[in-house]
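Trainee:
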Amino acid sequence: MKELNSAFMVAIEGILPYPIKYEGKLFKPPPDTPWIEIKHIPTTTEPLQTVEKLGGILQIDINHPLDTSAPKLLEDADKVKARLRPHVRFEYNGQSFTVRKVDYSQILIKDNYNVIHLSIYYKATINF
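Structure below.
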């Protein structure tokens, strides 16, 4: 599973030049600066003898300070969607995942930030 999480990070890093809050890590949002939060939500597992097939959602929250440009937030969401589009496959250290679909929310307000939630639905195969 560690390699699958690494595959997610390889796919995400470099899309947007903002600090990233990963699950289970301490993080203090930088003041007046955009940042990203990533959550991994596994939804299905099919264990087999030599592989495990997984499905899940990679949630990416893009946060921009209030009173900044909504078009810039939407542009950032479009960049993520362009890289993590359906049928694109990412691989790391022999593990891979394929994007099934991408959904995103309207612009929301949370803790002095405008936020868009992107849900990246994926399927993956883990080799033992």
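By my numbering, the letter at position 117 of the sequence shown is numbered 954, and the numbering carries on one by one without gaps. Heads up, the beta-carbon is just placed ideally off N, CA and C, and yes, glycines get one too. On a predicted model such as this, the values are computed, not experimentally measured, just so you know.
(1) Measure how close the beta-carbons of Tyr958 and Ile894 come, nearest whole angstrom, since I'm counting them as under 8 Å.
(2) Might you give, ordered along the chain, the residues of its own chain that have their beta carbon closer than 7 Å to the beta carbon of Tyr859, omitting 5 neighbours on each side?
(3) Which first and last residues belong to the beta strand (DSSP E) in which Lys916 is found?
(4) For Ser956 and Phe845, what's the separation of their Cα atoms in angstroms?
(5) Please state if the CB of Ile953 and the CB of Asp898 are separated by a distance shorter than 9 Å.
(6) Mapping DSSP to helix, strand and coil, what is Phe864?
(7) Apart from the five residues on each side of it in sequence, which residues of its chain come closer than 7 Å, Cβ to Cβ, to Leu921?
(8) For Val847, does the three-state DSSP call read helix, strand or coil?
(9) Using CA atoms only, rank isn't needed, just tell me which of Tyr929, Asp948, Pro868 is closest to Ile963.
(10) Does the Cβ of Leu863 have 16 or more other Cβ atoms within 10 Å, making it buried, or fewer, making it exposed?
(11) List the endpoints of the continuous beta strand (DSSP E) containing Gln932.
(12) Excluding the five sequence neighbours on either side, which residues of its own chain have a C-beta within less than 8 Å of the C-beta of Pro867, listed in chain order?
(13) Work out the CA separation of Glu850 and Phe934 for me, nearest whole Å.
Mentor: Reading it off the structure:
(1) For this step, residue 958 is matched to residue 121 along the sequence shown. For this step, residue 894 is matched to residue 57 along the sequence shown. Their Cβ separation, rounded to whole angstroms, is 6 Å, which keeps Tyr958 and Ile894 in contact under 8 Å.
(2) Against the sequence shown, residue 859 aligns to sequence position 22. The residues are Ile875.
(3) Locating residue 916 in the sequence shown gives position 79, where the first residue counts as 1. Residue range 907-920 is occupied by the alpha helix (DSSP H) that includes Lys916, with no beta strand (DSSP E) assigned at that position.
(4) Taking the first residue of the sequence shown as 1, we reach residue 956 at position 119. Taking the first residue of the sequence shown as 1, we reach residue 845 at position 8. When rounded, the distance between both Cα atoms is 13 Å.
(5) One-based indexing of the sequence shown puts residue 898 at position 61. One-based indexing of the sequence shown puts residue 953 at position 116. Closer than 9 Å, so yes.
(6) As a first step, residue 864 must be located in the sequence shown, where it is residue number 27. Reduced to three states, the DSSP call for Phe864 is coil.
(7) In the sequence shown, counting from the first residue as 1, residue 921 sits at position 84. Once the five neighbours on either side are set aside, the close Cβ partners of Leu921 are Ala848, Val936, Val939, Ile957.
(8) By 1-based counting over the sequence shown, the position of residue 847 is 10. In this structure, Val847 counts as helix in the three-state DSSP scheme.
(9) The sequence position of residue 963 within the sequence shown is 126, counting from 1. It is Tyr929 whose Cα lies nearest to the Cα of Ile963.
(10) Residue numbering aside, residue 863 sits at position 26 when the sequence shown is read from its first letter. Answer is exposed; the Cβ neighbour count stays below 16.
(11) Here residue 932 is taken as the residue at index 95 of the sequence shown, counted from 1. Bounds of the beta strand (DSSP E) holding Gln932 are 932-941.
(12) Taking the first residue of the sequence shown as position 1, residue 867 is located at position 30. Within the same chain, Pro867 has close Cβ partners Pro856.
(13) On the sequence shown, residue 934 is found 97 positions in, with the first residue counted as 1. On the sequence shown, residue 850 is found 13 positions in, with the first residue counted as 1. Distance between the alpha carbons of Phe934 and Glu850 is about 16 Å.
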